[in-house]
Structures are given as C-alpha cells and as structure tokens.
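Remarks on the structure that follows.
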C-alpha cells in the first residue's frame, strides 16, 4: 500500500499533464472547482490513465483500484475537497479516460466503471 500511495502521490510531470489539460479546463467550469486543488485532479487523471494503460505493474489491477480508492479518500480529507465535487469531476473525466484506454483492456474499463469514489 505504501509503495502504491507514494506512486499515486508523485508530482505530475509535464508529459503526463498533456493527458488532462482539456479535462481540467472543462472541470474549472463546474461549481466548486478550486484552483488550489488542481494538482489533485492532475494526479487523479494520471493515476486512472496508468490503470487503463497498465503502466503500473507492481500490483494487480484489483489491488491498484483498491489502493487508488484509498488514496482518493485520504486526499479528499487532507485537502478538504468536497465529496460531491470529486464525484462530479470523476464523472466528467470518466468517459475521456476510458476512451483513451478502451483499446487496451476491456476488463480494466469494467473495474473502473464499478469503482465508486465516495
């Protein structure tokens, strides 16, 4: 869990930011968006993309999803991010992320669709 958390929480590098630029720009229109939480949303986009593209191979996809869920829960508490907004943000980015990884693994898409961020 600790290794996964450290991986999830790494700073997003410029190459990884390209993935979510449009998604974050669109999220800024949602009521409740705070610029100071931008780094959290960038990390969430990156981490979900890594799951879909199977770039994090140290643990199984099931464990990755469970640890990612725990990371999101911890980050919401740490930065006092409203539960409703993170759910709306996830809903807004879900289809874009799934489309990007859909060609690679249908089973992972099913796992993400059933994952609930609370």
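Residue numbers (my numbering): 271 to 388. Glycine residues also receive a C-beta, built at the ideal position from the N, C-alpha and C atoms. Quick caveat, the model's predicted, so the values are computed rather than measured.
Of the residues the options, the one placed nearest residue i, counting alpha carbons only
i: residue 284; options: 312, 341, 345 and 350; result: 312
i: residue 277; options: 308, 338, 300 and 287; result: 338
i: residue 318; options: 282, 348 and 296; result: 282
i: residue 304; options: 347, 366 and 355; result: 355
i: residue 325; options: 286, 365, 298 and 344; result: 286
i: residue 299; options: 367, 365 and 359; result: 359
CA-to-CA distance, residue j to residue i, given in whole angstroms
i: residue 330; j: residue 274; result: 11 angstroms
i: residue 322; j: residue 293; result: 16 angstroms
i: residue 350; j: residue 306; result: 11 angstroms
i: residue 342; j: residue 297; result: 17 angstroms
i: residue 346; j: residue 328; result: 25 angstroms
i: residue 357; j: residue 348; result: 16 angstroms
i: residue 309; j: residue 332; result: 25 angstroms
i: residue 336; j: residue 271; result: 9 angstroms
Whole-angstrom C-beta distance between residue j and residue i, which should lie under 8 angstroms
i: residue 289; j: residue 363; result: The Cβ separation is near 10 angstroms, so there is no contact.
i: residue 352; j: residue 302; result: 6 angstroms
Bounding residues of the alpha helix (DSSP H) (the contiguous stretch that carries residue i)
i: residue 330; result: Looking at the DSSP string, residue 330 is not in any alpha helix (DSSP H), and its letter there is neither H nor E.
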